[in-house]
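Colleague: Position in the sequence shown (from 1) plus 93 gives the number in full-length UniProt numbering.
Each residue gets a CB set at the ideal place from its N, CA and C atoms; glycine is no exception.
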Amino acid sequence: AKCGPDGNFDKGGMVPFGPIEMNPASGVLNYGQGLFEGLKAYRKTDGSILLFRPMENAMRMQTGAERMCMPAPPVEQFVNAVKQTVLANKRWVPPTGKGSLYIRPLLVGSGAVLGLAPAPEYTFIIFASPVGNYFKEGLAPINLIVEDKFHRATPGGTGGVKTIGNYASVLMAQKIAKEKGYSDVLYLDAVEKKYLEEVSSCNIFVVKGNVISTPAIKGTILPGITRKSIIDVALSKGFQVEERLVSVDELLDADEVFCTGTAVVVSPVGSITYQGKRIEYSGKQGVGAVSQQLYTSLTSLQMGQAEDSMGWTVQLN
Ligand code: PMP
């Protein structure tokens, strides 16, 4: 769907996946005026398809669009477009337990703009692809390295929204970490360099006894939808949840650490390397009991195997 700066997106339509035309002077190609979302469709055992909290993605795109000086599709149009895309690609939604269909809504400044300014035209695209596990480790614990040279976000920057440039800026740190054998990078705050922020594509949680802590949302980390869901699931299971500044020192005596995200779901962390020192977290086969419990609770909700008392899933057919 396309629109001018007024934000009235046209109805758009379904086209086969493939290259699209883009103006070489477009805002997105030259000035990074682009925003994306990510959500998943899961197949239930009866064959029907569930979306997980698509309204949340629609609303997050609106917040991000404001920061990036772009109009965003209204929530209802966003959700309907996601539904239509999934229905048109039904056969690509894997069977229960064999993965999911990852859906990628993309909003870009497609109009030509030579001097730095918001583009005069916008394009909203959705594409989708079946996916399995995000990390090659699967559900096995991942190994992170705390990054002390590069930062993902700074106060006042765009770290709190899902703009494309945030991902360009983490490519190098991630590449170096992977070359050294780590699964991903854990970022610290750019001011005091001592508080946990997040991983390149997921949020982080630290478990100590019955208390589960996660960095508070303060503009430099992405307000993850999985993060928000896991907080509610953990509270409903009787855990105490704290959203606050979490110091990197707390990694030393944590019982468990795990990451959350649409792509990674709940990924247990097996080790974190900080200033050359490796901190190990070991549970049963390396997966901590709390991480395992929250993973099972969330995925059974997403796949329609547990009662959805929160009303988070949207059934498609
Ligand atoms: N942080 C970053 C930087 C991300 O890219 C993502 C993935 N969208 C997340 C956290 C997790 O967000 P969500 O749970 O909404 O997928």
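(1) Within a Cβ cutoff of 6 Å, which residues of the same chain sit near Val292, ignoring the five residues on either side of it in sequence?
(2) Give me the residue from Ile238, Asn259, Cys295, Gly258 with the minimum Cα distance to Gly274.
(3) Could you tell me which of Tyr124, Leu387, Val380, Ser340 sits nearest to Tyr367, measuring between CA atoms?
(4) By DSSP, does Arg320 sit in helix, in strand, or in coil?
(5) When every heavy atom of the ligand PMP is checked, does at least one fall within less than 7 Å of the C-beta of Lys255?
(6) Determine the direct distance from the alpha carbon of Arg160 to that of Val121, and round the result to whole angstroms.
(7) Is there contact here, the region 169 to 176 with the region 145 to 154, by at least three beta-carbon pairs under 8 Å?
(8) Can you say whether Cys295 is buried or exposed, counting buried as having 16 or more other CB atoms within 10 angstroms of its CB?
(9) Express the C-alpha separation of Ser360 and Arg184 in angstroms, rounding to a whole number.
(10) Starting from the Cα of Pro223, find the closest Cα among Thr178, Glu214, Pro213, Thr406 and give me that residue.
(11) Can you tell me which of the three DSSP states Lys95 falls into?
(12) Can you list, in chain order, the stretches of the alpha helix (DSSP H) that have 4 or more residues and sit fully within the region 341 to 396?
(13) I'd like the list of long-range same chain contacts for Gly190, defined as Cβ closer than 8 Å, with 5 residues on each side in sequence excluded.
(14) Whose C-alpha, out of Ile257, Leu132, Thr247, is nearest the C-alpha of Glu285?
(15) Under 8 Å: do the region 209 to 220 and the region 254 to 263 share three or more Cβ pairs, one atom per stretch?
(16) Compute the minimum distance between the beta carbon of Gly317 and the heavy atoms of the ligand PMP, and state whether it is under 7 Å.
Modeller: Taking the coordinates as given:
(1) Asp277, Leu279, Cys352
(2) Ile238
(3) Ser340
(4) helix
(5) yes
(6) 14 Å
(7) yes
(8) buried
(9) 27 Å
(10) Thr178
(11) strand
(12) 382 to 395
(13) Met396
(14) Thr247
(15) no
(16) yes
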